[in-house]
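In what follows, a single structure is set out as structure tokens and then discussed.
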Amino acid sequence: MRILSGIQPTGLPHLGNYFGMMKPAIELQEKGEALYFVADLHALTTVRDPEALRRNTLEIAMDFLACGLDPGKACLFRQSDIACVAELSWILSTVTPMGLLERCHSYKDKLAKGIHSSLGLFSYPVLMAADILAYDSDVVPVGKDQKQHLEVTRDIAIKINELYGPVFKLPEPIIRDESSAILGTDGAKMSKSYGNTVELFLEEAPLKKKIMGIQTDSTPVESPKPIEGSAILGIYRHVASPSDYAAMEAEFLAGGTGYGEFKKRLFGAVWEYFSPMREERRRFASDPGEVNRFLRNGAERAAAISHPVMERLRRAIGLI
Ligand code: TRP
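Spelled out as structure tokens, the structure:
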């Protein structure tokens, strides 16, 4: 089974990315041939700062490695290192009906957020289809917001297969259950676009500051606290042992403990949870050359997988 997913280097990974995408992706490296890439070409549709793009790409790779991605098992690479993906994107665009892209929510949502319209922003799902189809991917784990892009990918693959015979394997999406998504510091789903994130490898003082800044209601110390929708409990559940979690929940319900105390405990648990990974992270940060070697090696393996697929396609459509 070939598993493929990508993450855009539009910011630094946060707890929501870690528990939602990175941790499950790292676990999947045991279940099949995992290909994970940093989607730098996609990020070009919104990131205009070259230094930030370079830095975020490397940071994401370091975070993945520090969190347990094993480059001997999974293949980690930069999207832009695989040149044929851009070629494939062009070929796919020639069979993609405009209407298919016009229906995509994410384009409309991004315009509504004030992102400038561009041909690249509009054809973003075609590049994503190329990412997926270039490697004969079997399964693609993604968040709900990407579900429609997977449908577009399948539609485009079906179209090519109808026009030219069987070229592409149809990928299956694995849509993440986001009902238990981590809440951000304002109580909404943790997301870069809401500015409510807690980044994975903050230093002690800024991490404490973020956690102590989690918004809470004005329930007095002595009163029972609502557990539903609590960002503190929502994060604590992921980083504490089940018994510590149960204890905090019971204290919420009992009253008598203030939010400040809960936040301190949460900070301690987050700090502990990531401390072995933080050590690894430091090691990689001190040797970016090693990280770049892993990325290049990943790209070579990914390219080798894409070659027969591209050859099959070029033959089928008449380029060779
Ligand atoms: N669009 C995805 C996101 O923003 C990232 C991505 C790009 C991706 N290409 C992909 C995810 C291919 C899965 C498969 O989250």
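According to this note's numbering, the sequence shown is numbered sequentially starting from 4.
All residues carry an ideal CB built from backbone N, CA and C; glycine is no exception.
Beyond the five residues adjoining it in sequence on each side, HIS152 comes within less than 6 Å, by CB distance, of PRO128, MET131 in the same chain, given in chain order. With respect to LEU316, VAL170 sits close: the two C-beta atoms are nearer than 9 Å.
When Cβ pairs closer than 8 Å are counted between the two stretches, the stretch 223 to 240 is seen to touch the stretch 185 to 205, the count reaching three or more. Counting the other CB atoms within 10 Å of its CB gives ILE323 a total below 16, which places it among the exposed residues. Under the three-state reduction of DSSP output, PRO245 falls in the helix class.
Contact annotation: the stretch 270 to 286 touches the stretch 63 to 72, with at least three C-beta pairs closer than 8 Å. Residue nearest to PRO74 within the set ALA37, SER109, LEU95 is ALA37 (criterion: CA-CA distance). The beta carbon of ASP43 lies closer than 7 Å to those of PRO12, LEU56, THR60, ARG81, GLN82, SER83 in the same chain, with the five residues before and after it left out. In terms of Cβ geometry, VAL312 and TYR138 form a close pair [threshold 9 Å].
Here the C-alpha atom of TYR248 lies approximately 20 Å from the C-alpha atom of GLN218. Inter-residue distance for GLU303 and ASP112 is about 35 Å (C-alpha atoms, whole angstroms).
Within the same chain, and ignoring the five residues on either side of MET4 in sequence, the residues whose Cβ sits closer than 6 Å to its Cβ are GLY35, ASP141. DSSP lists ILE6 as the beta-bridge partner residues of ALA37. Taking the C-beta atoms as reference points, PHE255 is found nearer than 9 Å to LYS228.
A check of alpha carbon separations from ALA319 across GLU275, GLU165, LYS267 identifies GLU165 as the nearest. Rounded to the nearest whole angstrom, the CA to CA distance from PRO16 to LEU203 is 6 Å.
Note on ASP134: 16 or more other CB atoms within 10 angstroms of its CB, so buried under the neighbour-count rule. Between LYS147 and ILE118, the C-beta gap is not smaller than 9 Å, which leaves the two residues out of contact. The residues LEU56, GLY123, in chain order, have a CB closer than 8 Å to that of LEU47 in the same chain once the five nearest residues on each side in sequence are set aside.
Just so you know, the alpha carbons of GLU33 and PHE287 end up roughly 22 Å apart.
Taking the Cβ of TYR127 as the reference point, at least one heavy atom of the ligand TRP falls within a distance shorter than 8 Å. Following the DSSP letters along the chain, one finds PHE277 in no alpha helix (DSSP H), marked with neither H nor E.
Shortest gap from the CB of ASP158 to any heavy atom of the ligand TRP: 8 Å or more.
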